[in-house]
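First the structure, in the form of structure tokens, and then the observations on it.
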Amino acid sequence: MLTLRQELLLNLIVSDYISDAAPIASESLTRMHNLGVSSATIRNEVAILEEQGYITRPHASAGSIPADKAYRLYVESVLADDTNELPSPARDVIRHQLVNVEHDIDAWGNVATALLAQLVGYMGIATFPKMKESRVRHIELVQVQDFVTMLIVVLEQARLRKHLVRLEDPVESVQLETISQRIRAELIGLNRREIESKPMQLSPVEKDLVEATVLILKDEDLASQSERYVDGLPNLLIQPEFDDQDMMRTIIQGVEDGSLIDAVLSEAPEGSVVEVVIGHEHVGDVLRPLSVVICQYGIPGEISGAVGAVGPTRMEYTKTISGVKFISGVMSGLVKGAYTS
């Protein structure tokens, strides 16, 4: 259990180290902050912090470097601060940029990760909002040739998919409209598995169109699981912690082969809470030098994606947490607008 003075000193060490990326000397704490105690007292308190595992020092006369345990205590204080939010100008820019693409769902991830990477100076990651399984929202058939029909399927995520279907027999426009109505009556509101298991009395043409719809849904489910967006890798690599060439190569490889992204997304929490995972708190080795701030967005239990930032453990947690939280909130609004409209 830390005393109030020890907590204050630890927070100062963490915040100064986040800013300077250099070990914090006890004399520096005395000089930079009006603590009202002697340098000797500060040195004694710092020694206690080291004994309890909150800081490390390469040698006795070296400055203090926060350990993961110190960052965790610091982060908990940030998460508990309800007043922690982005400045109004930053919120306005983010909201404006995302609302500008509210009708282009494919652009959400790119815009969100670019905004987050620029805001926090680290790497931004996002996933496409997806349902557990895609559902049919609307179907249209458009005659292209006598034996060829364009099948247009609108999904519940407001995504539109087209597929050319070659028919065994020619179908006139009037017949096509009747077929459209029958298929809509059978399929709207259903996902792929529900369509495949539903007993339906279909003509050969209708059967072909239903099978084509199932293929579209299958492709959509597979695609939505792999749609990820990454921006700001150079921001991560220029951090002084990653000057080591081997560590830099490991991070680049992890991004390129997807293992680092997989590890980050596996830490996304349920609901709209912000999750912060620091250094050795990660389950696997790939994220050990890093901290992750991540949050889900969307409609819980129905359709959701994730957005987050990846940086060094010496991350500017206050700005990063507020940035991830705000962007996920705006994106949740976009999902609700697209999904419920």
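In this note's numbering, the protein residues as written are 153 to 493.
Each residue gets a CB set at the ideal place from its N, CA and C atoms; glycine is no exception.
Going along the chain, which residues of its own chain have a beta-carbon closer than 8 Å to the beta-carbon of VAL366, five neighbours each way excluded? Taking the sequence shown and counting its residues from 1, the one referred to as residue 366 is at position 214. ARG344, ILE347 and GLU348.
For GLU433, which of VAL245, VAL382 and VAL444 has the nearest alpha-carbon? Position 281 of the sequence shown, counted from the first residue, corresponds to residue 433. GLU433 has its Cα closest to that of VAL444, out of VAL245, VAL382 and VAL444.
Going by other Cβ atoms of all chains shown within 10 Å of its Cβ, with 16 needed for buried, is MET153 buried or exposed? For the purposes of this step, residue 153 is taken as the residue at position 1 of the sequence shown. MET153 should be labelled exposed.
Beta strand (DSSP E) runs wholly inside the region 240-328, at least 3 long, in chain order: 275-279, 288-297, 300-307 and 312-318
What residues in its chain sit with their C-beta under 7 Å from that of GLU358, if we drop five residues either side in the sequence? Within the sequence shown, residue 358 is the residue found at index 206, counting from 1. Correct list, in chain order: ILE331, ARG334 and ILE335.
So, under 8 Å CB-CB, ARG209 and ILE217 are touching, yes? Tell me the CB distance rounded to an integer number of Å. Locating residue 209 in the sequence shown gives position 57, counting from the first residue. Locating residue 217 in the sequence shown gives position 65, counting from the first residue. Sure, about 7 Å apart at Cβ, within 8 Å.
Here's a check: name, in chain order, each residue in its chain whose Cβ is nearer than 8 Å to the Cβ of ILE340, leaving out the five neighbours to either side. The count along the sequence shown starts at 1 and reaches residue 340 at position 188. Hits under 8 Å: VAL288, ARG289, HIS290 and ILE291.
Option nearest LEU417 by Cα separation, candidates GLY423, ARG440, LEU388 and ALA278: As a first step, residue 417 must be located in the sequence shown, where it is residue number 265. The option with the nearest alpha carbon to LEU417 is ALA278.
Could you spell out the range, first to last residue, of the beta strand (DSSP E) harbouring PRO464? By 1-based counting over the sequence shown, the position of residue 464 is 312. PRO464 -> beta strand (DSSP E) spans 455-464.
Go ahead and pull the three-state DSSP assignment for ASP383. Stepping through the sequence shown from its first residue, residue 383 is reached at position 231. DSSP places ASP383 in strand when its eight states are reduced to three.
The beta strand (DSSP E) that contains TYR206, what's its start and end? Along the sequence shown, one-based indexing puts residue 206 at 54. It is not in any beta strand (DSSP E) - TYR206 carries neither H nor E in the DSSP assignment.
From ASP172, GLY215 and LEU268, pick the residue whose C-alpha is nearest to that of ILE479; which is it? Here residue 479 is taken as the residue at index 327 of the sequence shown, counted from 1. Out of ASP172, GLY215 and LEU268, LEU268 has the C-alpha closest to the C-alpha of ILE479.
Top-ranked residue by Cα proximity to ASP360, from PHE394, GLY276 and VAL323: For the purposes of this step, residue 360 is taken as the residue at position 208 of the sequence shown. Nearest option by C-alpha distance: VAL323.
Can you tell me the Cβ-Cβ gap for LEU238 and VAL426, rounded? I've got them flagged as a contact below 8 Å. Position 86 of the sequence shown, counting from 1, holds the residue named residue 238. Position 274 of the sequence shown, counting from 1, holds the residue named residue 426. Incorrect: roughly 13 Å between the Cβ atoms, too far for contact.
Does the beta-carbon of GLU203 have 16 or more other beta-carbons within 10 angstroms, so that it is buried, or is it exposed? Against the sequence shown, residue 203 aligns to sequence position 51. So GLU203 ends up on the exposed side.
Are there 16 or more other CB atoms within 10 angstroms of the CB of GLN448, so buried, or fewer, so exposed? The residue labelled residue 448 in the question sits at position 296 within the sequence shown. So GLN448 ends up on the buried side.
When you compare only the Cα positions, how much space is there between ASP395 and ILE403? As a working note, residue 395 is residue 243 in the sequence shown. As a working note, residue 403 is residue 251 in the sequence shown. Rounded to the nearest angstrom, the two C-alpha atoms are 12 Å apart.
How is the alpha helix (DSSP H) around SER349 delimited, first residue to last? Residue numbering aside, residue 349 sits at position 197 when the sequence shown is read from its first letter. Taken as a continuous stretch (DSSP letters only), the alpha helix (DSSP H) holding SER349 covers 344-349.
Supposed contact pair LEU316 and MET302 - C-beta distance, whole angstroms, cut 8 Å: Counting from one through the sequence shown, the residue named residue 302 turns up at place 150. Counting from one through the sequence shown, the residue named residue 316 turns up at place 164. That belief holds up - the Cβ atoms of MET302 and LEU316 are roughly 6 Å apart, short of 8 Å.
Simplified DSSP state of ILE390, which is helix, strand or coil: Here residue 390 refers to the residue found at position 238 when the sequence shown is read from its first residue. The answer is coil: DSSP assigns ILE390 none of H, G, I, E or B.
With 16 other Cβ atoms within 10 Å as the buried cut-off, status of GLY423: For the purposes of this step, residue 423 is taken as the residue at position 271 of the sequence shown. GLY423 comes out exposed.
Based on the DSSP secondary-structure assignment, which residues constitute the bridge partners of VAL426? Numbered from its first residue, the sequence shown carries residue 426 at position 274. Looking at the DSSP assignment, VAL426 forms a beta bridge with CYS447.
Just verifying my parser: in three-state terms, what is the DSSP assignment at PRO175? Numbered from 1 along the sequence shown, position 23 holds the residue referred to as residue 175. Here PRO175 sits in coil by DSSP.
For ILE139, does the three-state DSSP call read helix, strand or coil? Outside the shown range of the chain (153 to 493) lies residue 139, about which nothing can therefore be said.
Looking at VAL272: is its Cβ nearer than 8 Å to the Cβ of GLY406? Locating residue 272 in the sequence shown gives position 120, counting from the first residue. Locating residue 406 in the sequence shown gives position 254, counting from the first residue. No.
Between GLY205 and the rest of its own chain, which residues show a CB-CB distance below 7 Å, the 5 nearest in sequence each way excluded? As a position in the sequence shown, residue 205 is number 53, starting the count at 1. Hits under 7 Å: ALA219 and LYS221.
Counting C-beta neighbours from all protein chains within 10 Å, is the total for ARG525 16 or more, i.e. buried, or is it exposed? Only positions 153 to 493 of the chain appear in the structure, and residue 525 is not among them; the question remains open.
Mind checking who ILE217 pairs with in its DSSP beta bridge? One-based indexing of the sequence shown puts residue 217 at position 65. Partner(s): THR208.
Tell me whether LEU442 sits in a helix, a strand or coil according to DSSP, three-state version. Along the sequence shown, read from residue 1 onward, the residue named residue 442 stands at position 290. Three-state result, LEU442: strand.
Is GLY481 helix, strand or coil by DSSP? Here residue 481 is taken as the residue at index 329 of the sequence shown, counted from 1. Helix at GLY481.
Here's the rule: buried if 16 or more other CB atoms are within 10 angstroms of the residue's CB, otherwise exposed. What is SER190? Translated into the one-based positions of the sequence shown, residue 190 becomes position 38. SER190 should be labelled exposed.
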